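If you read the sequences in order, they're chains A and B. This note's numbering applies: residue 39 is where the first sequence begins, and numbers increase by one. This note's numbering applies: residue 217 is where the second sequence begins, and numbers increase by one. For glycine and all other residues, C-beta sits at the position ideal for the given N, C-alpha and C. Bear in mind the structure is a predicted one, so any value in this text is a computation, not a measurement. One structure below.
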Amino acid sequence: MKGYAKYFSNKLGWFLITFLFAFILNFLLPRLMPGDPVAAIVARQAQGMSNPSGVQAIYQQYTELFATDKPLIEQFFIYVQNVLKGDFGYSFSQYPRKVSDVLAASIWWTLMLQLPAILVGWTLGNILGALAAYLRGGFDKVLMPASLFLSSFPAFGMAVILLVVFAVNLKWFPTSGGYGFNLIPSPTPGFLGSAFVHYQLPFWSIVIIAIGGQAIGMRSMSIYELNSDYVKFARFMGIKDNRIVAYVFRNAMLPQVTGLALALGTMVGGALIAEIVFSYPGLGTTLLNGVMGQDYPLISASTLIITFMVLLATFVLEILYGVIDPRIKATQSD
Amino acid sequence: MSYTIREVFRSGKFVVGFTILVTILLIVFIYPLIVRHPPLQIIGQGTFFPPGIYVSTYDTVNAPTTYTLNLDKAESRRIANRLKPDDRVAMKEWLVAFGLPEEEIDTENTAQLLAQWEANYDPNLRLPGMTFARQRYFQRVNTSIQGLLSTEGAIIAVPNAETGALDQKGVVKQTDYANVNDVANVQLLVLGTDNFGRDILTELLAATAISLLIGLVAGIIATTIGLVLGLVAGYVGGMVDDGIMFVTNLFTVIPTFVLLILISFSIGQDQRGAITIAIVIGFTSWVWTARAVRSQVFSLRNRDHVNLSKLSGHSVFRIIYASILPYIASYVVMAFILQVSSGILAEAGLSILGLGPRTTETPTLGLMMNWAMIYQAHILGKWWAYLPVLLMIALVTFSMNLMNTGLDQVFNPALRD
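Encoded structure:
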């Protein structure tokens, strides 16, 4: 057990360090932005006001609210305090809504969409890739170029094509949103049904792209493994093909788990863009609104949450990897 | 070297990918030499003109010679063209309400539909259950159909400068034709116009050039940083290696996409040119190359030929250049191609988020996609605004990935079929 403990604490340490680093970057980068965001929001609020002292008063009120008049380091500690309390301040573009409320409304949509989609895509992709490596021939000849084409296709492109074919032309699915515009999110059958129908196109557009990328990797890994000495030896020993395939699959899977951990950031990024195409009420669309409204509290909070989720998922995958690969334990206890 | 190149060009996948890429490059370079108007010039007044040949109506009417052609189907074609699908459905609705069996009415068969309409429609008849507004609608439909069925020509008139009355200048008969060669102004818009009224084909090819440039710059920066860091970390080792690996590991797990968003947003709209975006992409995507180069150099640095070179007193640069680089060259080339294609995709993603290059000077593939999305081309069915862009992105990245797979199979014999 000592080997595992060492591995886990090592990974946990890394998780904390990267998160701290990402946190600082996340705070710093948007605040380097030229231009005064407070001036922008005041200009929007004070539209039609002709009283300069009134505008001045609004300006001061907002400056205090966002603490943009304090030095950067002081702002940082205020920010840390607030984040720990779960308070990301007010959204500039959707004032007086709090950023935490905006995000609380959108984060579940993204989580419910992307987590299953990436897992399903990964699983299907691995199965198809392993089959292609094992069967070769016609199946491989069709699957390989198709996967290559799919994986070089941007996720938003797949989203647009699915949208045009199945929502605009065939009218099987709605074109945008996460649920019918006449419904209020609630656990009623009507709402859940509508959410399910709206779920399909964004879900499959992410799954299909993921399948392409994973199938190629799994195929190469499986081919390497199938040509390796232990497979030849097992064949000479007369071990049944099914068992050999099971060994090969397991060995080829391991790098794929790491691969998923490393590709997660890219996949989530692509999927966020796909959300925008469908105006899905998740983080991607929130991010777009933030960019459009020059809303730095909202952008910084969304990117922080996205980073946190990706880092956490990577951490979980690495822990999982440690459990399923016995070699980890061996190398750590040396 | 020449052997390697010959070997590479024997790979089918590489050759296909290479051919696609070179074809795109050739088109992108040659087209602006022929069509010289600036890519972002607004020519159409209105949004999303469909692809086709645009003939000046004024010049057609005033063509120097008109020809008379008696074509059998001219009239029915004219009517079929003018009768909109909505009108056909409305006609069917009236006829069914009037009492005709529904299966006898075919909205596609123009001649039959018109005959049925002529035989049965009575503007004064008030059908039970039909609102007055609906009845007036059918009367309007009938009037327009009567207008279509007229065989008289259209009169061209000019207002008299003194009296203001219209003077007849000429008559355009239904059998009059103009030869396109006689018409002064004919414009071919192969892919129509976009939401701003700009010629999409010209815009697309200019955008492809810029996007390829962005990919290239991003790829060069990322590969250079990755290669240098990987070489130094792998060859020097020790503390330097630990330091570089610490930074590399940090950037491996922090999603690149998030960094791109934060940096692009921080730069601000006014400062974001295409090249700035390319540099930002380059500086955020070197991690993979650095990791892979490091691990390869790590395994190379204790080989005999490297040790021999060290014993001979060669400088570090010479050792790296002569004894290490040749071994990792194939990998670096492959990584570079991947960086270029993912740079193009990264730009597209950023632009869709509204964080792409500023929009006044140059189009990029991502920006074109962004415009099409904002103006809802995909929901309005204006396929020419987004499909060619998607296809171009897919073709460029696909060709590069294909080249990469081909190279992979040449350099990793285990993967060969």
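Judged by beta-carbon spacing, phenylalanine 46/A lies beyond the 9 Å limit of tyrosine 334/A, meaning their Cβ atoms are not closer than that value. A residue is called buried when at least 16 other Cβ atoms come within 10 angstroms of its Cβ; glycine 228/A does not meet this threshold and is exposed. Using beta-carbon distances, methionine 291/A does not count as an interface residue toward chain B, since no partner is under 9 Å. Within chain A, the residues Leu186, Ser189, Ser190 have their CB atoms less than 8 Å from the CB of asparagine 617/B, given in chain order. Contact annotation, valine 295/A with leucine 349/A: C-beta distance approximately 16 Å; criterion of less than 8 Å not satisfied.
A Cβ-Cβ contact shorter than 9 Å links glycine 453/B with arginine 517/B. Buried is the label assigned to histidine 236/A, since at least 16 other Cβ atoms lie within 10 Å of its Cβ. DSSP, reduced to helix, strand and coil, places proline 240/A within a helical segment of the structure shown. In this model, valine 433/B and valine 469/B are separated by some 24 Å (Cα to Cα). Leucine 404/B is bridged by DSSP to Ile269/B. Residues of the same chain with a CB within less than 8 Å of the CB of isoleucine 249/A, apart from the 5 flanking positions on each side, are Gly159, Leu162, Gly163, Leu166, Ser185, Leu188 in chain order. A Cβ-Cβ contact shorter than 9 Å links threonine 505/B with valine 548/B.
Annotation: leucine 405/B to leucine 242/B spans about 21 Å, alpha carbon to alpha carbon.
Counted as a single uninterrupted DSSP element, the beta strand (DSSP E) harbouring glycine 386/B occupies residues 382–388.
Taking 8 Å as the cut-off between beta carbons, none of the residues of the region 437–461 of chain B comes near chain A.
By the 16-neighbour rule on beta-carbons within 10 angstroms, leucine 583/B is buried.
Those residues of the region 577–597 of chain B placed with their C-beta closer than 8 Å to a C-beta in chain A are Met585, Met589, His594, Ile595, Gly597, ordered along the chain. As computed with DSSP, threonine 409/B is found in a beta bridge with Asp415/B. Residue Phe65/A holds the alpha-carbon nearest to the alpha-carbon of valine 121/A among Phe65/A, Met275/A, Tyr100/A. Not a single CB atom of chain A sits nearer than 9 Å to the CB of phenylalanine 627/B.
As DSSP reads the structure, valine 374/B sits in a beta bridge with Asp383/B.
Separation of the CB atoms of glycine 572/B and asparagine 586/B is rounded to 6 Å, and the pair is thereby assigned contact status at 8 Å. Just so you know, the alpha carbons of isoleucine 609/B and alanine 142/A end up roughly 35 Å apart. By the Cβ rule, the region 238–247 of chain A counts as touching the region 195–204 of chain A, because three or more pairs are nearer than 8 Å. Looking only at Leu445/B, Gln328/B, Ala551/B, the smallest Cα-Cα distance to arginine 304/B is reached by Gln328/B. The beta carbon of leucine 611/B sits closer than 8 Å to those of Ile236, Ile240, all from its chain and outside the five residues before and after it, given in chain order. Looking at Arg488/B, Gly431/B, Ser546/B, Thr359/B, the one whose alpha-carbon comes closest to that of threonine 575/B is Arg488/B. Counting other Cβ atoms within 10 Å of its Cβ, leucine 382/B stays below 16 and is therefore classed as exposed.
Apart from the 5 residues on each side of it in sequence, lysine 229/B sits with its Cβ closer than 6 Å to the Cβ of Leu618, Thr621, Gly622 in its chain, given in chain order.
The alpha-carbon separation between alanine 290/B and tyrosine 393/B amounts to approximately 11 Å. Secondary structure at tyrosine 217/A: coil, using DSSP grouped into helix, strand and coil. In the structure shown, aspartate 398/B adopts helical secondary structure according to DSSP, grouped into three states.
When secondary structure is reduced to three states using DSSP, lysine 526/B falls in the helix class. The criterion of a C-beta distance shorter than 9 Å is satisfied by alanine 299/A and glutamate 356/A. For proline 471/B, the chain A residues whose C-beta falls within less than 8 Å of its own C-beta are Leu302, Gly303, Thr304, Val306, Gly307, Ile344, Thr345, Val348, listed in chain order. The continuous alpha helix (DSSP H) containing histidine 594/B extends over residues 593–596.
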